[in-house]
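Here the sequence shown stands for residues 392 to 607, numbered as in this note's numbering.
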Amino acid sequence: DLKGFAFDLDGVIADTARFHGQAWHQLADKVGTEWTSELADALKGVSRMDSLELILKAGGHENDYTQEEKVALATEKNDNYIKLVETLTPADILPGMKDFLDELKDNGYHIVLASASKNAPKVLKYLQLTDYFEGIVNPADLSHGKPDPEIYLAAAKLLDLPADQVAGLEDAQAGIESINRAGELSIGFGADLKDADVKFDKTGDVSLAAIKAQMN
Ligand code: BG6
Ligand code: MG
392 DLKGFAFDLD
402 GVIADTARFH
412 GQAWHQLADK
422 VGTEWTSELA
432 DALKGVSRMD
442 SLELILKAGG
452 HENDYTQEEK
462 VALATEKNDN
472 YIKLVETLTP
482 ADILPGMKDF
492 LDELKDNGYH
502 IVLASASKNA
512 PKVLKYLQLT
522 DYFEGIVNPA
532 DLSHGKPDPE
542 IYLAAAKLLD
552 LPADQVAGLE
562 DAQAGIESIN
572 RAGELSIGFG
582 ADLKDADVKF
592 DKTGDVSLAA
602 IKAQMN
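In C-alpha cells form, the structure reads like this:
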C-alpha cells in the first residue's frame, strides 16, 4: 500500500520548467548552440552543470570553455532563472496540484520533495507550499542526477518508507526512469512518458481515486 509521495517540482507543481527553458535558451544563444524542442526536452530534470554540458555539446562547443568559464555561464543562467522565479505567486501552482496536496495531507499520506533544483526551497516559498513538505531531498548531497535512482531512493529514506510504499510524480523522462529504477510507483504528467506506471495528460487529472483506478 502506498504511504508516501515524492514530488518533482519543475513541471509538476509549477510551470517553472518553462522558466528553466527560457533561461537556457538565452544561454544557448550566447554560446551559439541552436535551440530546438529536442534539446529543451533533453534538459528537463537534468542538473544545472549537466544541462550546461548538454547545451555546449549540442553545438560542438564543449572544448571552448575552461571549467571556470563554465561555472560562470551556469551562474549567469541561474541569475536569469531566479529573476523569473521571483515573479512566482500561488496563482502559478499548476492546475489540480494544490487540491491533490490537500487530499494527500487530509488522508494522512507523507509528502517530500525530490527535485534536482537547488532553487526548490525558494520556489516553494514563493508558491506558499513549503508547509506541505515533511522534507526536501538536498540535491547537493547526491552524486548522480536523474535518471539515476539516487534522488528517489533518498526520498524514500526521508519518508522512512520502503520503496514499494512510495510513489513519485514527474513530468520528464529522466525522472520517470529514476523512479522506476528506485522501485517506486511512477506517475507521469504529459503525453510522451511511455514508461510511467500511471499516466495523466495533465496535472489537473490527478487524484487518489484516479491513481488507484490505473493501478488495478
Ligand atoms: C530540475 C529542472 O528540476 O532542476 C532542470 O527540471 C534544472 O531544468 C534542474 O536544470 C537544476 O535546477 P537548478 O535550479 O539547481 O539550476
Ligand atoms: Mg520536472
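The beta carbon of each residue, even a glycine, is placed where N, CA and C say it ideally should be.
| Asked | Found |
| --- | --- |
| Beta-bridge partners of Glu561, as assigned by DSSP | Gly579 |
| Segments assigned beta strand (DSSP E), at least 3 residues, entirely inside the segment 473 to 535 | 501 to 504 |
| Inter-residue spacing [alpha-carbon to alpha-carbon] between Asp586 and Arg439 | 24 angstroms |
| Local Cβ density within 10 Å of Asn571, reported as buried at 16 or more and exposed below that | buried |
| beta-carbon Ala408 near ligand 1 non-hydrogen atom, thresh 7 angstroms | yes |
| Those residues which DSSP pairs with Ala600 across a bridge | DSSP output for Ala600 lists no bridge partner at all. |
| In DSSP terms, what Ala546 is bridged to | DSSP lists no partner for Ala546. |
| Enclosing beta strand (DSSP E) for Lys448 [first to last residue] | Per DSSP, Lys448 belongs to no beta strand (DSSP E); it is in the alpha helix (DSSP H), 439 to 449. |
| Spatially closest choice to Asp432 from Ser534, Trp415, Ile578, Asp420, by CA coordinates | Trp415 |
| Per-residue DSSP class, three states only, for Lys590 | strand |
| For Asp555, three-class secondary structure by DSSP | helix |
| Given Pro512 as reference, the closest of Asp401, Gly499, Ala600, Lys394 once Cα atoms are compared | Asp401 |
| Exposure label - Thr594; buried when at least 16 CB within 10 Å | buried |
| Same chain, Cβ closer than 7 angstroms to Ser569, five either side skipped, listed in chain order | Lys537, Pro538, Asp539, Pro540, Ile542, Tyr543 |
| Residues near Ala547 in its chain [Cβ-Cβ closer than 6 angstroms; skip 5 each side] | Ala554, Val557 |
| Assigned exposure category for Gln519 - 16 Cβ within 10 Å defines buried | exposed |
| Cα-Cα separation between Asn469 and Leu549, rounded to whole angstroms | 27 angstroms |
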